[in-house]
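If you count by mature numbering (1 follows the signal peptide of the UniProt record, and there is no 0), then the sequence shown holds residues -24 to -1, 1 to 166, one letter each, in order.
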Amino acid sequence: MNKGLNRRAGLAFAVLGISTLAGCGAPGEGGFGIGDMLLTAGTTQTPPQAAETRDVYCPVVEVMDGGAVIRAGGVDGGSVRSQISLGDLARECVGQPDGSTLVRVGVEARALLGNAGSAGRYDVPLQIVVKDGSTVFANRSRRVAAAIPAGQTQTMVSVVEEGIVVPAASAERFEIQVGLGTRAAAGRRG
């Protein structure tokens, strides 16, 4: 009989202890209770991650004034060696948990040979600017090589610029501008 009483007392003590521990981590308060420990099979729990938001303001990419084309050589058709022009432009904006927006900009450029041009490697200078009025969040210049092989007259190159962060205070009114060359981002082509 004594053995049965000890077993019941031990069971009651265990239930009381578990009930007490379970109350320490109330649900929704960020605590870690016994229920959490049983569900996650351990004593650690990863913090919940706030979700990214894809439905955020994401302006159309604008071309800077004079930034759509670069021509090398003369002005008449017979003396042009090469021409580089912008192609497709793309952007992606992802809202972050802190209210900021993470921006990715894609730029495609085409290098063409003129009548006086020859196959070879052509330098494509790109500028990508993300700003709100006079406040510039990113002003990135990239140079990529466009190789036009012998027997060909054109080639395409593309650049994707990532990691541009727009603060929460400007997340609803910023601009994205791109251009060929290294111009200041003062104007835009509408």
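Just so you know, even glycine gets a beta-carbon here, dropped at the ideal spot from N, CA and C.
Please state whether DSSP places residue 145 in a helix, a strand or coil. Numbered from 1 along the sequence shown, position 169 holds the residue referred to as residue 145. In this structure, residue 145 counts as helix in the three-state DSSP scheme.
Between which residues of its own chain and residue 61 is the CB-CB distance below 6 Å, once the five residues before and five after are set aside? Start at 1 with the first residue of the sequence shown, and residue 61 comes out as number 85. Excluding residues within five positions, the ones whose Cβ falls inside 6 Å are 45 and 86.
What residue range is occupied by the uninterrupted beta strand (DSSP E) comprising residue 87? By 1-based counting over the sequence shown, the position of residue 87 is 111. In this chain, the beta strand (DSSP E) harbouring residue 87 covers 77 to 89.
Apart from the five residues on each side of it in sequence, which residues of its chain come closer than 6 Å, Cβ to Cβ, to residue 77? By one-based count along the sequence shown, residue 77 stands at place 101. The beta carbon of residue 77 lies closer than 6 Å to those of 32, 69, 71, 142 and 147 in the same chain, with the five residues before and after it left out.
How long is the line joining the alpha carbons of residue 43 and residue 145, rounded to whole angstroms? As a position in the sequence shown, residue 43 is number 67, starting the count at 1. As a position in the sequence shown, residue 145 is number 169, starting the count at 1. Taking the straight line joining both Cα atoms gives about 29 Å.
Buried or exposed: residue 122, going by 16 or more other Cβ atoms within 10 Å of its Cβ? The residue given as residue 122 occupies position 146 in the sequence shown. The residue is buried, with at least 16 neighbouring Cβ atoms inside 10 Å.
Go ahead and pull the three-state DSSP assignment for residue 4. Residue 4 sits at position 28 when you count from the first residue of the sequence shown. Residue placement at residue 4 is poorly supported in this model, since its pLDDT is 48, which falls under 50; the coordinates still yield a value, given next. Residue state, collapsed to three classes: coil.
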